[in-house]
Amino acid sequence: MIMTNDLRKLINLISEAEELTSAPSSLEDPKIKEIAKDIKQGEVSQSVLGKLKHFLVSLLDPTPPPSNEYPDPPIEEAGKQSKIISADLQIYELLKRTKPEDADKVWAFYNRAMLADHIIPMCISKDIVKQDDQDRILNLFINAPGTLEDKVSLAAQLEGAGVIKTKELLKPGSGSIDKLINYKSVVLDNIKTKLINFKVSPSTTAVNTGDGEAFFLILGSGINKLSPGDLNVLGREIEVKAQGARLKGFGGKGTYGDGATYWPKFNKQLIGLLKRPGVTYLQDATGVDLSSEPLHFGSAATTALGAALKVAKPGEKSVKAMFDEALKHIYPKTTPEMRNNVLNTIQSDGSFDPEEFRKGWFMLTYEYYMATSIDKKTGVGFDGILFIHQPSFTYNYIKDKAQLEKDWSQFQLNPGLYNWTDAPSIAPKITFGKEERARKSKAKATLQKVDPSAVTAKTHGVTGLKPTRSKPAPETPVTSTPRARR
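The opening position of the sequence shown corresponds to residue 0 in numbering that gives the first Met the number 0, with each subsequent residue numbered one higher.
Shown next, in the form of structure tokens:
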């Protein structure tokens, strides 16, 4: 009996002799030669051989042949290697008979089959089960620069150990995503920039994965998809948040209150503190008449409110009581400690620093999010939140409030902190790094920033105010460059 290696040498000798004596064929095409070489070197799986055989047969004869004419290559088993070699010869013979003009079709099919051999099993193991998602991932590899050998090597790596330093990912703090990757290739350099914003369709859930989640899911090992919006990394549940993320918990009914029904009460209390029914220190600065419109906590309005309270001096106790009651309504399951994130920014005269106030409000929503996202059955919550910044390819893994406060300067809080009549704003938007998004066709209206000193000067002294509902523009408005849409 001839051993496997001897058979392969014989195949090569016969093949080379045939190539020298036969008429020009598709075997002269470099792509077909590459396929033949891979097959002769045993680098093609039985699955790919079977698919390639059927494809070649369909090119040669669109009419289906008798079932016994081109039998499927046998499954590899111990002691049956000689049969596999006969299957290799069969494919080689089909390649010889292929028309030269079909070489590109054969090469494209072979590329796709070779990559799918690794990518499809990888996707299924990651619960990426929809064919559209699998095809999109496969196309990323096919369209990337690089050789087929490099692409297959990367695909095989992702099917196995992955390319992410998973343990490093769970260390608190910020860093470069590139430094989490332990694999170098032109193919990966091209694919990673597309995967960072890749979204995977739901399988058994009603929600897609968010930006960044599919990146770590596909490139990592020991990383699996759980419920909407989170990943299991080495047994720990983490949340991934990209630019303009909202931290909204999953506590179910009763977790959030209806601001649209509460703001008239809040406004009435605020008017009382500012001591002018029907008109406030804010009206000239913001154009908001509190008797008919809600005071939303955007950046400009919050700045104006802080300045107006500094003039009115209603006192710390009354302002804290007003906000404490409002926060209890908006976030019903808060503890006093959570609400103190906001209340502790209020000074003895009842005023506050607007940026500290906004930071305190977000800290409240962060703690509320972590608490209301705990699984009621298991009692397990998020180990942490992985904030990513796609444009700069950086991240920050936040595990607790202390770390978030320490790294606060690395984050950008959306100017529109909270809007009473906009339900999603109950969870303010935040971005790790500077938010960068492609501009859409219509820019947002110009934001008017209020100079606190102008508000103070205009409203200094209660008798200086006119009881009018007119809404003049600020005396010294500052116009900012329009932001990109979020």
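For every residue, glycine included, the Cβ atom is placed at its ideal position computed from N, Cα and C.
- request: Look at the alpha carbon of I486 and the alpha carbon of L230, and state the distance between them as a whole number of angstroms.
  value: The structure shown has nothing for residue 486, since the chain only spans 0 to 485.
- prompt: What does a CB cutoff of less than 6 Å around F386 pick up in its chain, not counting 5 residues either side in sequence?
  reply: K240, N395 and F431
message: Classify V379: buried if its beta carbon has 16 or more other beta carbons within 10 angstroms, exposed otherwise.
response: exposed
Opposing strand residues paired with S175 [DSSP bridges]: T393
message: Does the CB of F431 have a neighbour CB from chain D at under 8 Å?
response: The structure shown contains no chain D; it holds only a single protein chain.
Of the listed residues W262, G221 and L168, nearest to G161 (C-alpha basis): G221
- prompt: What did DSSP end up calling Q40 once you bin it into helix, strand or coil?
  reply: coil
- prompt: Based on Cα-Cα distance, which residue from D103, P29, L412 and V105 lies nearest to Q242?
  reply: L412
message: Restricting to Cα atoms, I'd like to know which of K193, K50, E92 and I429 is closest to K39.
response: E92
- request: Measure the CB-CB distance between I163 and L179 and report whether it falls below 8 Å.
  value: yes
message: Less than 8 Å between the beta carbons of T301 and P335, yes or no?
response: no
task: Identify whether K166 lies in helix, strand or coil by the three-state DSSP scheme.
output: helix
message: Three or more C-beta pairs under 8 Å: does that hold for the stretch 165-174 against the stretch 116-132?
response: no
message: On the DSSP bridge list, what partners appear for I521?
response: No answer is possible for residue 521: the residues shown for the chain start at 0 and end at 485.
field: Residues of its chain near T462, where Cβ-Cβ distance is below 7 Å and the 5 sequence neighbours each way are ignored
entry: Reliability of the predicted coordinates at T462 is poor, the pLDDT of 29 falling under 50, and the value obtained from them is presented with this limitation in mind. Same-chain partners within the cutoff: there are none.
- request: Could you tell me whether the stretch 282-291 touches the stretch 210-220, where touching means 3 or more Cβ pairs closer than 8 Å?
  value: no
- prompt: CB-CB under 6 Å to F54, same chain, minus the five flanking residues each way: which ones, in chain order?
  reply: F108
task: Return helix, strand or coil for L294, following the three-state DSSP convention.
output: coil
message: Short of 6 Å in beta carbon distance, which residues of its chain neighbour S440, apart from the five on each side in sequence? Order them along the chain.
response: Because S440 carries a pLDDT of 45, less than 50, the predicted location of this residue cannot be relied on, and no value is offered for it.
- prompt: With burial defined as no fewer than 16 other Cβ atoms inside 10 Å of the residue's Cβ, what is the status of A422: buried or exposed?
  reply: exposed
- request: Please look up how many angstroms separate the CB atoms of T371 and K332, rounded, as I've assumed it's under 8 Å.
  value: 6 Å
- prompt: Alpha carbon to alpha carbon, how far is A486 from L281?
  reply: Nothing can be reported for residue 486, as the shown portion of the chain is limited to 0 through 485.
- prompt: Three-state secondary structure (DSSP) at T430?
  reply: strand
task: Go through its chain and collect everything with a Cβ distance to G359's Cβ below 6 Å, but skip five positions before and after it.
output: N340, V341 and T344
message: Do Q409 and D210 have their beta-carbon atoms positioned less than 8 Å apart in this structure?
response: no
task: Can you tell me the Cβ-Cβ gap for A426 and R245, rounded? I've got them flagged as a contact below 8 Å.
output: 4 Å
Beta bridge counterpart(s) of K240 as assigned by DSSP: F386
Proximity of V186 and A143 at Cβ, strictly below 8 Å: yes
task: In the DSSP assignment, find the unbroken beta strand (DSSP E) run with Q411 in it and report its ends.
output: F410 to L412
field: Beta-carbon gap between L114 and L88 smaller than 8 Å
entry: no
message: Counting C-beta neighbours from all protein chains within 10 Å, is the total for T364 16 or more, i.e. buried, or is it exposed?
response: buried
message: Taking only three categories from DSSP, how would you classify D134?
response: helix
message: If distances are taken between C-alpha atoms only, which option among D28, G145, V128 and G172 comes closest to D406?
response: G172
- request: Would you kindly report the start and end of the unbroken alpha helix (DSSP H) that includes N181?
  value: Taken as a continuous stretch (DSSP letters only), N181 belongs to no alpha helix (DSSP H), as it is neither H nor E.
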